[in-house]
Structure formats: structure tokens, C-alpha cells
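Heads up: the structure comes next, in C-alpha cells.
Numbering (the UniProt record's numbering), first residue to last: 1 to 320.
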């Protein structure tokens, strides 16, 4: 069991390295990874099952303890990122497929990586987990409506089909995870400890599949898509932080909301784009997955240093 924990910890801490490494390998040797493409949806289902295993009663209790904070984070998640994605798609010269892909990832709920980054930033981790859980459960309703609203001018959008897909690949696996955890009790702990390994492998495989299938198109337009993804992500952090500050949240909540808004469930974006639009539409999500594993640790470090500097000033003031 201890060995499993050590491997899980190593895989989790080195997540960014694995994503970047296999993104590069799949771009250089696409033929070695294209076989994974048909398994993108099942892979995401496995990740969501793991999320269900790791959720606890305290995560849902947090929603009722401070509904205003959770609601504010969820609303920010489903307004800031879709609007930023729409603005970038309108302003920059991208193809309809890429525009739809950027908007789709912008309309997805927060990713579970945001919880880890919030913890590392010394932010309000309990709030981050609650926002992720609620936004994920609301995704079947809100993501299709938002994609229909913002992306239908570029590509035909079937909100009903998107709804069914999200229910199948997000809600059903999460519910199954919750049921298995409740049924097995402490026996499920081994599975929970193994999930970081499984999740890392699954996300890496999804990114590698999308990059390999779109290798030629990424070579042509990858720089522009990367620029859009970076802008989208960084603006998400900044606007999320600003909104939380305007609402009078304390600094730990500001950090949580900022990271929660900026980091998307890019695996879901890639799965939905590949299933409902085109392989090219999945590229923004794949690049987002690579990039937010770079930007996440950076923003977490900056916020942590900000917190430490603030604490030092307070201690000096008290001692004076």
C-alpha cells in the first residue's frame, strides 16, 4: 500500500512533465499514438469515476455551509471563461473548428487539477473542491446551452447530443464512483490511492491521441492556437481573481476562485469536441491540458509567495 502511495504521489507531482513529454512524442511520432483516439471517451469516464471515488460528504456539506461563495465561483466559472473564449474566437483569425473548440473548452467545468493548485497556492482548498464538484454536476445542463449560444455561428451545435454525452461520460461515472465508495467503505481506499496513477495515464493518453491525430494541422496553426489558449487561461486567472476581490472575498478565497476559473476540464473538452465536432476542434483542449500543467504550478507559486509576503508583513507589524 505504501509503495502504491509513493507511486501515486510521484505521478501526481510529475504530471506536467508526463503531459508535455507525451505531447511532444505524439507530435514527432504520431503513428505510435493514433490508435488511442477511439478510446478518448472511455478514458475520460475512468477519470470521472475516480473523481466520484474521491468525493466525500464534507465536499457536499461545504456547499451548504457557504452557498454564496460556492455559487459565486460557479457563476464566475460559467460566465468568465465562455465570454473570454467567444471574444478571442471573434477577434483572432481562426478556422470554424478551432473557434468552436476554444469555446467548448471555455464552457467546460473546472478541472480537478485546480484543487491541487489551490492547495499549493495556500488558497481555500475546500472551496475549490466544492466549486469543482458543483460545476461538474451542472455541466450537462450549462455546457450544452453555452456552446449552443456562443459556438453555433461557426459550427452546427446539438445541445441535446452534448447533454447526453456529458451525462454518459461525466455524471454516470461519478455516480458509480460514489456508489462503489459507499458500498465498499474502507475497502475502496486502495482504489482511491491508485487513482492519481490512473488519472495521469488517462489524461496523458487523451492528449497524445488528440495531438497525434492532428499533427499536420497543429504544425500549420499550432502557434496561433497556443497563443489563444495561453491568453484564455491567463485572463481567466486574472479576471477570476479580480471578480473575487470585488466581491469582498478574503485572499484565500480569491486564490481559489482565480485558479478554479482559469483551469478547465480540458479532457472533457477534448472528448466532446472529437465526438461532436471534428478532431481539429479537440486541439485547443489538448493544448490547454498541456499549458495549464505549466501555468498552474506557476500561478500557485506566485500566489503562495504573495501569501507568505503578506504573513511576513503582518508579523512585523505585530512585533512592532
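Think of the CB as a built atom: it goes at the ideal place given N, C-alpha and C, for glycine as much as any other residue.
None of the values given here were measured: they were computed from a predicted structure.
- By the criterion of a C-beta distance shorter than 6 Å, residue 41 is surrounded in its chain by 169 and 271, once the five residues flanking it on both sides are discounted.
- In the displayed model, residue 306 falls within a helix according to three-state DSSP.
- Residue 161 and residue 26 have their C-alpha atoms some 30 Å from each other.
- Checking the DSSP bridge columns, you'll see residue 264 partnered with 110.
- Here residue 259 is near residue 121, since their CB atoms are less than 8 Å apart.
- Between residue 173 and residue 49 a beta carbon distance of about 4 Å is seen, short of the 8 Å cut, so the two are scored as contacting.
- Rounded to whole angstroms, residue 273 and residue 280 show a C-alpha spacing of 8 Å.
- Where residue 215 is concerned, the enclosing alpha helix (DSSP H) starts and stops at 215-246.
- Counting C-beta pairs with one atom in each stretch, the region 251-258 and the region 116-130 have three or more that are closer than 8 Å, which means they touch.
- Between residue 202 and residue 46 the beta-carbon gap is near 5 Å, inside 8 Å, which marks them as a contact.
- Taking every protein chain shown into account, the CB of residue 128 has 16 or more other CB atoms within 10 angstroms, so this residue is buried.
- Residue 48 sits in a helix when the DSSP states are folded into three classes.
- In the structure shown, residue 172 falls within a helical segment according to DSSP collapsed to helix, strand and coil.
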